[in-house]
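First the structure, in the form of structure tokens, and then the observations on it.
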Amino acid sequence: MMAAAAAAGGAPEVIAQLENAAKVLMQTLACSILTALLSEFSSSSKTSNIGLSMEFHGNCKRIFQEDDLRQIFMLTVEVLQEFSRRENLNAQMSSVFQRYLALANQVLSWNFLPPNLGRHYIAMFESSQNVMLKPTESWRETLLDSRVMELFFTVHRKIREDTDMAQDSLQCLAQLASLHGPVFPDEGSQVDYLAHFIEGLLNTINGIEIEDSEAVGISSIISNLITVFPRNILTAIPNELFSSFVNCLAHLTCSFGRSAALEEVLDKDDMVYMEAYDKLLESWLTLVQDDKHFHKGFFTQHAVQVFNSYIQCHLAAPDGTRNLTANGVASREEEEISELQEDDRDQFCDQLASVGMLGRIAAEHCIPLLTSLLEDRVTRLHGQLQRHQQQLLASPASGSIDNKVLDDLYEDIHWLILVTGYLLANDTQGETPLIPPEVMEYSIKHSAEVDINTTLQILGSPGEKASSIPGYNRTDSVIRLLSAILRVSEVESRAIRANLTHLLSPQMGKDIVWFLKRWAKTYLLVDEKLYDQISLPFSTAFGADTEGSQWIVGYLLEKVISNLAVWSSEQDLANDTVQLLVTLVERRERANLVIQCENWWNLAKQFARRSPPLHYLSSSVQRTLMKALVLGGFAHMDTETKQQYWTEVLQPLQQRFLNVINQENFQQICQEEEVKQEITATLEALCGIAEATQIDNVAILFNFLMDFLNNCIGLMEVYKNTPETVNLIIEVFVEVAHKQICYLGEAKAMNLYEACLTLLQVYSKNNLGRQRIDVTAEEDQYQDLLLIMELLTNLLSKEFIDFSDTDEVFRGHEPGQATNRSVSAADVVLYGVNLVLPLMSQDLLKFPSLCNQYYKLITFICEIFPEKIPQLPEDLFKSLMYSLELGMSSMSSEVCQLCLEAVTPLAEQCAKAQETDSTLFLATRHFLKMVFDMLVLQKHNTEMTTAAGEAFYTLVCLHQAEYSELVETLLSTQQDPVIYQRLADAFNKLTASSTPPTLDRKQKMAFLKSLEEFMANVGGLLCVK
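For the sequence shown, our numbering begins at 414 and goes up steadily by one.
So this is what it looks like as structure tokens:
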């Protein structure tokens, strides 16, 4: 009885639970349906294949996003509000909550289609990654309602400890942080929205311990706010709020930087803090480079904070926190450095560039800081090495030296040099490197309090402690920072002289020469014409015609020679060292100083004799060293000295080579290791000589190299079964063609064409019948094919880039003679194509580098010699046409574009020749159908529209009847009269501006414009999914 009563009393509770469960089930089901709906409408790639036109799909998406999508969003917001009010959620409810949060993320990541976009652009629109939130005007009321934004902040605060849900809530906030476009009626509404958002963000972040899973999301939110909202909107928010935001950014950057350094030490797979830190540093760069909205010095304090924290993370205790785990305990003793690991300066180049930039903004603080840290480390390093030396002298047998202190010092110096390199100079690819304006201004600002003589003394005595020089505090800070690195270099040199090389760090050696190269490129012999004002200490210490610059060149040259002798087995270090040497001679003004050093001449003689230790250097280092020695030879010298120089540098190379190959028993001894080494060294040197080519030295170098090229062809026979030697011989030709062809006049070019033709003939004879059927073979086994295609492409490049009027460059280098022989680039290239085409199977085209080089070559040929294509032997012609068809239908978009660019000149050639029965004419008819289908019926990459449009127009000019037939056939398949009419009108309009179409540029441009309208208007009707 009592049990029954109790059960009856509990019934409402049970009913409530059942109702609740049913509600949760319904919500889950509803969410699944809505998610599927969104997927269906979100993009054409996710749409079901239902046989309707892309225009229909596009229109459906537009209608859906204006009304239904907004309703789904409102519904989602209601559910999220309901859940966010509840105190505790059971597992089932949490699951529903998570689904709705993911749905909200899907809505906010929607790629909104603007009104009236053709199918053609829809594809482009949808291919973009990381969609920013740009809704249409109809969303204004929904998204500008501050309660929506507040809800997402509330939701995140509630679930932030659940890693999966936090990802979605942060992504929703990141999307809201990227809101832009017509949704904002005016600037005022943008300012209100941004201020509100930043307030919400600060309330969420301040005073909490950020979870690992939140780092990337939070940095994305900040990055979006800074990159999406215009700067004038950012500065219009209340001052106090803006400064709180920037302070928070500085605090987060330092905090994420510390955690990123820790991830690096623990070698974590998932580097979340590193990614977050990089994003925040990019945000800083965006802000600090904007001097229009922020006055100078606005961000100095923040820059100091971020810079200090970066330095601290990379220094060992007690000054820094490197290798300390979160609780302050030193982490594992030995760090294993894998051979494959990228060098820090490459791996962290973006990070270092950002920190360098922040360091320049706060130069007053950062330059002296780096100087004092480096000077302190140099003193300690010197002391440690002396202690080790005394230990060794006292008991040579005891091998127990604790290297922990040394290793820490080396690692500190490593990071300090990298940061200094990035602070004092920018990365410049191909531009003249300039001293960064902040560094120049800093030096000029303090030049009145600088004693030039003391500055020069500190620079010129790297063997002494800076603080031991009287008046050392009255020196130029930038020059003192440079001299701190010269002091590191000097300690290294002295340790080598004291036979302590085994205690040195090759990494530090690399850092030193890397820094010196970077510094020399920018500061050494500073060209005053490039600056509005120049710092007096700079121009006195390393300007033109100064003792300082002569001393520094001598010092750097000594460093290079010492490194090549001591570190020949450390390939990366040797490579950085010869790159420094190239920097010293690549500019004529610097080279003029270099050749005044006796050391330079000794180095040249030593290398020419191939005497140890230089002959231990790896082949790539020897190649670069040869390049440097050749560049140095074009410095300013009198005729006699120059003659003597070439006699000492180039002649021994020739002499030794001839001595080897002219031996009677050369055929028998050619495979002996010593002989092969000599041949390889010569071939590497020839590549180095070619790399040193400039317009004012090409005459001497070309004549010198031509003698060798003919001998190299003979070597092809001798070494036909030694692929690496064959590849190196072809590489010499590739380098000569690449560097010199653009300067050669007709007669010289012909000499080179002849040599290349003979090379190809010998190669062809040796490879005749050689089957390459090993599909599993690696790409490098086809290196010879790749090199030959590169050689042919380089020979063709003369048609585009030609700096020679006549053989003017060569005047005075030989008697001019008239030439009756005639080998053109076309002959060589077509012969080469005859050779390559049969070898290029479909399997080989799977290798990206071979495929790209092959299509680049055949496109070049079609563009430059279209008239030669119909003259190809039938099987080769078919092969070429098949390659083009394959490229257009089943290769990457880059290859497809190349093929389209090749088809245009072929069709133009046909139109000129007017031979309607030629094989080329028939082939182009087939291409018309392909391009027609591509443009009108298929979804294709929009970047190719111009190339496809140009090919299409030329093919239409050539095959007008066939084009009309294609249009008629297409129209006859349309059942719907409305669509039929739209299409018919569109096709008429397309050719209206060019009837009848002719190969006239004006008409072609008009056609391309009409084609764009055609695509926007009816493109979506024909592409069916």
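Quick reminder that beta carbons are idealized off the backbone N, C-alpha and C, glycines included.
Beta-carbon proximity check, S636 vs K692, cutoff 8 Å:
Locating residue 636 in the sequence shown gives position 223, counting from the first residue. Locating residue 692 in the sequence shown gives position 279, counting from the first residue. Here S636 is near K692, since their CB atoms are less than 8 Å apart.
Nearest to S1331 by alpha carbon, out of T1358, L1371, M1301 and T1359?
The residue you call residue 1331 lines up with position 918 of the sequence shown. The shortest Cα separation from S1331 among T1358, L1371, M1301 and T1359 belongs to L1371.
Please state whether DSSP places K1211 in a helix, a strand or coil.
As a first step, residue 1211 must be located in the sequence shown, where it is residue number 798. Helix.
Sequence-distant residues of its chain with Cβ nearer than 6 Å to D989 (five each side left out)
As a first step, residue 989 is located in the sequence shown; it is residue number 576 there, counting from the start. Cβ within range, chain order: K923, V926 and W927.
When you compare only the Cα positions, how much space is there between N1134 and D1197?
On the sequence shown, residue 1134 is found 721 positions in, with the first residue counted as 1. On the sequence shown, residue 1197 is found 784 positions in, with the first residue counted as 1. Cα to Cα, the separation comes out at about 12 Å.
Just curious, the alpha helix (DSSP H) that T666 is in, first and last residue?
Translated into positions along the sequence shown, residue 666 becomes position 253. Element bounds for T666: N652 to L679.
Going straight from the alpha carbon of F1115 to that of A1324, what length do you get?
Position 702 of the sequence shown holds residue 1115. Position 911 of the sequence shown holds residue 1324. Approximately 41 Å, taken between the alpha carbons.
Starting from P603, follow the alpha helix (DSSP H) in both directions and report where the run begins and ends.
As a first step, residue 603 must be located in the sequence shown, where it is residue number 190. Reading off the sequence shown, one finds Gln at residue 603, where the question assumed Pro. Bounds of the alpha helix (DSSP H) holding Q603 are E600 to I618.
Would you decide whether D825 is buried or exposed? Buried here means 16 or more other CB atoms lie within 10 Å of its CB.
Along the sequence shown, one-based indexing puts residue 825 at 412. Result: buried.
Three or more C-beta pairs closer than 8 Å, one from the stretch 1386 to 1394 and one from the stretch 1342 to 1349: is that the case here?
No, because fewer than three Cβ pairs between the stretch 1386 to 1394 and the stretch 1342 to 1349 fall closer than 8 Å, the two stretches do not touch.
Contacting residues, own chain, Cβ-Cβ under 8 Å from V1380 (five flanking each side not counted)
In the sequence shown, the residue the question calls residue 1380 occupies position 967. Here the set comprises F1400.
Using only CA atoms, which one of P850, A1094 and L1412 lies nearest to D945?
Numbered from 1 along the sequence shown, position 532 holds the residue referred to as residue 945. The residue with the shortest Cα to Cα distance from D945 is P850.
Out of A1112, V891 and N619, which has the shortest C-alpha to C-alpha gap to F951?
Your numbering for residue 951 matches position 538 in the sequence shown. Per the Cα distances, V891.
Starting from G772, trace the alpha helix (DSSP H) in both directions and tell me its first and last residue.
For the purposes of this step, residue 772 is taken as residue 359 along the sequence shown, with counting starting at 1. DSSP places G772 inside the alpha helix (DSSP H), whose first and last residues are C762 to I774.
Since R573 is in the alpha helix (DSSP H), which residue starts that stretch and which ends it?
As a first step, residue 573 is located in the sequence shown; it is residue number 160 there, counting from the start. Unbroken run through R573: none, as it is neither H nor E.
Going by DSSP, what residue range makes up the alpha helix (DSSP H) through C1169?
As a working note, residue 1169 is residue 756 in the sequence shown. Its alpha helix (DSSP H) spans residues E1159 to N1180.
How about L564 and Q494: are their beta carbons less than 8 Å apart?
Working through the sequence shown from its first residue, we reach residue 564 at position 151. Working through the sequence shown from its first residue, we reach residue 494 at position 81. In contact: L564 and Q494 (Cβ atoms closer than 8 Å).
Label R560 either buried or exposed according to how many other C-beta atoms from any shown protein chain fall within 10 Å of its C-beta, with 16 as the threshold for buried.
The residue given as residue 560 occupies position 147 in the sequence shown. Exposed is the call here.
I need the DSSP call for F1121, collapsed to helix, strand or coil.
To locate residue 1121, count along the sequence shown from 1; it is residue 708. Correct three-state label for F1121: helix.
Which term fits E1097, buried or exposed, when burial requires 16 or more other beta carbons within 10 angstroms of its beta carbon?
The residue you call residue 1097 lines up with position 684 of the sequence shown. Its Cβ being crowded by 16 or more others within 10 Å, E1097 is buried.
Give the single residue among L1313, E1328, R1395 and P875 whose Cα lies nearest to the Cα of A1360.
Counting from 1 along the sequence shown, the entry for residue 1360 is found at position 947. Its Cα nearest to that of A1360, the residue L1313 stands out among L1313, E1328, R1395 and P875.
Straight-line gap, P1251 to M1343 (C-alpha atoms, nearest Å):
Indexing the sequence shown from 1 puts residue 1251 at position 838. Indexing the sequence shown from 1 puts residue 1343 at position 930. So the two alpha carbons sit approximately 25 Å from each other.
Pull up the distance between the alpha-carbon of T784 and that of A766, whole angstroms please.
Numbered from 1 along the sequence shown, position 371 holds the residue referred to as residue 784. Numbered from 1 along the sequence shown, position 353 holds the residue referred to as residue 766. Approximately 19 Å, taken between the alpha carbons.
Between the beta-carbon of M562 and the beta-carbon of L521, is there less than 8 Å?
Your numbering for residue 562 matches position 149 in the sequence shown. Your numbering for residue 521 matches position 108 in the sequence shown. No, the pair does not count as a contact, with Cβ atoms beyond the cut-off.
Exposed unless 16 or more other CB atoms sit within 10 angstroms - verdict on A515
Here residue 515 corresponds to residue number 102 of the sequence shown, with the count starting at 1. Buried, because 16 or more other Cβ atoms sit within 10 Å of the Cβ of A515.
I need the straight-line Cα distance from E1356 to L929, nearest angstrom please.
Reading the sequence shown from its first residue, position 943 is the one you call residue 1356. Reading the sequence shown from its first residue, position 516 is the one you call residue 929. Each residue's Cα considered, the two are about 43 Å apart.
Can you grab the Cα-Cα spacing for the pair N816 / Q803, in whole Å?
Indexing the sequence shown from 1 puts residue 816 at position 403. Indexing the sequence shown from 1 puts residue 803 at position 390. Using only the alpha carbons, I get a separation of about 15 Å.
C1264 in three-state terms, based on DSSP:
In the sequence shown, residue 1264 corresponds to position 851, counting from 1. Here C1264 sits in helix by DSSP.
Can S896 and S975 be called in contact, C-beta distance under 8 Å?
Within the sequence shown, numbered from 1, the residue matching residue 896 stands at position 483. Within the sequence shown, numbered from 1, the residue matching residue 975 stands at position 562. In this structure, S896 keeps its C-beta atom at 8 Å or more from the C-beta atom of S975.
Can you check which of these residues, Y823, S1262, G843 and D480, is closest to S902 by C-alpha distance?
One-based indexing of the sequence shown puts residue 902 at position 489. Of the listed residues, the one whose Cα sits closest to S902 is Y823.
For A1336, which option in L1368, S856, I1092 and A443 has the closest C-alpha, if you only look at C-alpha atoms?
As a position in the sequence shown, residue 1336 is number 923, starting the count at 1. For the residues L1368, S856, I1092 and A443, the minimum Cα distance to A1336 belongs to L1368.
Counting Cβ pairs closer than 8 Å, one from the stretch 1155 to 1171 and one from the stretch 1103 to 1115, do we hit at least three?
Yes: the two stretches touch, three or more of their Cβ pairs being nearer than 8 Å.
On the DSSP letters alone, give me the boundaries of the alpha helix (DSSP H) that K1018 sits inside.
Here residue 1018 corresponds to residue number 605 of the sequence shown, with the count starting at 1. For K1018, the enclosing alpha helix (DSSP H) stretches over residues E1011 to A1021.
Closest by CA to V979, which one among D940, I947, P919 and L615?
Within the sequence shown, residue 979 is the residue found at index 566, counting from 1. Checking every option, the nearest Cα to that of V979 belongs to P919.
Rounded separation between T617 and A628 - CA only:
Counted from its first residue, the sequence shown places residue 617 at position 204. Counted from its first residue, the sequence shown places residue 628 at position 215. T617 and A628: Cα-Cα distance of roughly 13 Å.
Assign R735 to one of three DSSP states: helix, strand, or coil.
In the sequence shown, residue 735 corresponds to position 322, counting from 1. Coil.
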